[in-house]
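With this note's numbering, the residue at position 16 of the sequence shown is 364, and numbering never jumps.
The next block holds one structure in the form of structure tokens; read it before the comments.
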Amino acid sequence: MGVTDPISDMLTRIRNAKIALHKEIYAPKSKMKLAVLDILKEQGYIEDFEERDNDVRVQLKYIQGRSAVTGLKRLSKPSCRKYVGYDGIPRVQNGLGISILSTSKGIMDGQKAKELKTGGELLCQIW
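In structure tokens:
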């Protein structure tokens, strides 16, 4: 049986691995997950990720034994989507975290969406 919310599933895998101090996780592959992982790598929250046949291997980042990801939250869910305009993109932890949005110009972080003046579906926040 398939997962109804794949982004939430991947974020939960990252959260659980962070708590258990695992170095890597495996998640089923999709284009949206790869775009989110690309943003996480670019922002320094994960070391790297590798596409495989049907899944993706994510190497988590630890700094002095502590995870680079302090917290994460899924905002828009399949049962209740949350859309924001570019001026309504929230700041995460006073600028210490990022918001990830699905816009008409692709999946991007909140800062880039504000620069391009485009809103969209607010997927998650990571700090």
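Virtual Cβ for every residue (Gly too), placed ideally from N, Cα, C.
None of the values given here were measured: they were computed from a predicted structure.
Practice task
Look at the alpha carbon of Lys-462 and the alpha carbon of Ala-365, and state the distance between them as a whole number of angstroms.
Solution key: Looking up residue 462 in the sequence shown gives position 114. Looking up residue 365 in the sequence shown gives position 17. One C-alpha to the other measures close to 31 Å.
query = Taking contact to mean at least 3 C-beta pairs separated by less than 8 Å, is the stretch 349-356 in contact with the stretch 419-437?
reply = Contact between the stretch 349-356 and the stretch 419-437 is present, with at least three C-beta pairs closer than 8 Å.
For this session: Would you check if the distance between the CB atom of Ile-367 and the CB atom of Asp-457 is smaller than 9 Å?
Result: Along the sequence shown, read from residue 1 onward, the residue named residue 367 stands at position 19. Along the sequence shown, read from residue 1 onward, the residue named residue 457 stands at position 109. No, these two residues do not count as a Cβ contact at 9 Å.
Exercise. Of the residues Gly-468, Leu-449 and Gly-467, which one's Cα is nearest the Cα of Ile-474?
Worked result: Taking the sequence shown and counting its residues from 1, one reaches residue 474 at position 126. Looking at the Cα atoms, Leu-449 is the closest of the given residues.
**Classification of Gly-445 by the beta-carbon crowding that lies within 10 angstroms, buried from 16 upward** = Looking up residue 445 in the sequence shown gives position 97. Gly-445 is buried by the Cβ-count criterion.
Note down, one range per segment and in chain order, each beta strand (DSSP E) of at least 3 residues found wholly within the stretch 361-402. Listed in chain order, the complete beta strand (DSSP E) runs (minimum 3 residues) inside the stretch 361-402 are 372-376 and 394-399.
On the criterion of 16 or more Cβ atoms from any shown chain inside 10 Å, does Tyr-393 qualify as buried, or is it exposed? Here residue 393 corresponds to residue number 45 of the sequence shown, with the count starting at 1. Buried, because 16 or more other Cβ atoms sit within 10 Å of the Cβ of Tyr-393.
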